[in-house]
């Protein structure tokens with residue numbers, strides 16, 4: 249199969265801050281240095297691909313993707329505070345249960361859900377609170393999730409933005 253027949257998905261992450269009034273100096277922030285990539289998905293497949301957020305960053309899929317010209321990898325994000333030593337725990341939460349992305353030409357749709365956040369004990373789904381000692385003043389973690397697509401999705405680039413809410417926990 250030629251590369252032009254493949255479906256490519258790129259998901260980027262943006263952040264929004266949500267903090268209480270009394271912790272303005274320790275406002276948490278989040279940034280991502282690498283987007284999540286599901287690789288190249290073969291057209292006319294029906295199923296899903298899950299990119300894990302664990303240290304090994306394995307995947308679970310139904311054989312509908314190819315590693316040719318499209319590495320599968322989780323996003324790499326950093327949660328941080330503005331103080332040299334974190335004073336409070338920081339919760340990272342995905343704002344919606346799922347996000348649907350359209351093809352760059354407007355045909356075809358894929359859904360990203362079951363967000364995974366890397367923790368010390370594996371992956372946590374949808375939300376996780378990092379202890380203040382871990383966010384001291386920053387902590388790098390991986391973000392994965394599941395991409396669902398139906399038959400047939402046309403070839404092209406599917407991209408979009410997620411909203412992540414970060415909150416200081418007194």
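Residue numbers (the working numbering): 249 to 418. No residue lacks a Cβ here, since even glycine has one placed at the ideal position from N, Cα and C.
Straight-line gap, residue i to residue j (C-alpha atoms, nearest Å)
| i | j | result |
| --- | --- | --- |
| residue 272 | residue 293 | Only weak support is given to the placement of residue 272: the predicted model assigns it a pLDDT of 45, under 50, and the question is left unresolved by the model. |
| residue 381 | residue 338 | 10 Å |
| residue 393 | residue 364 | 5 Å |
| residue 321 | residue 375 | 20 Å |
| residue 286 | residue 342 | 19 Å |
| residue 415 | residue 345 | 18 Å |
| residue 388 | residue 413 | 16 Å |
| residue 282 | residue 369 | 22 Å |
| residue 276 | residue 340 | 10 Å |
| residue 299 | residue 410 | 16 Å |
Distance CB(residue i)-CB(residue j) smaller than 8 Å
| i | j | result |
| --- | --- | --- |
| residue 383 | residue 328 | yes |
| residue 289 | residue 397 | yes |
| residue 301 | residue 371 | yes |
| residue 417 | residue 377 | yes |
Other residues of its chain near residue i: CB distance less than 7 Å, five sequence neighbours each side excluded
| i | result |
| --- | --- |
| residue 401 | 255, 291, 356 and 358 |
| residue 280 | 261, 323, 324 and 325 |
| residue 457 | The shown model of the chain, from 249 to 418, leaves out residue 457, and the question about it has no answer. |
| residue 352 | 404 and 405 |
| residue 373 | 362, 363 and 364 |
DSSP bridge partner residues for residue i (one or two, in chain order)
| i | result |
| --- | --- |
| residue 280 | 325 |
| residue 372 | 365 |
| residue 416 | 338 |
Simplified DSSP assignment, three categories, for residue i
| i | result |
| --- | --- |
| residue 344 | coil |
| residue 356 | coil |
| residue 410 | strand |
| residue 193 | Any question about residue 193 goes unanswered here, given that the chain covers just 249 to 418. |
| residue 331 | coil |
| residue 302 | coil |
| residue 290 | coil |
| residue 384 | coil |
| residue 398 | coil |
Proximal residues to residue i (C-beta, below 6 Å), its chain only, five neighbours per side dropped
| i | result |
| --- | --- |
| residue 379 | 337 |
| residue 350 | 357 |
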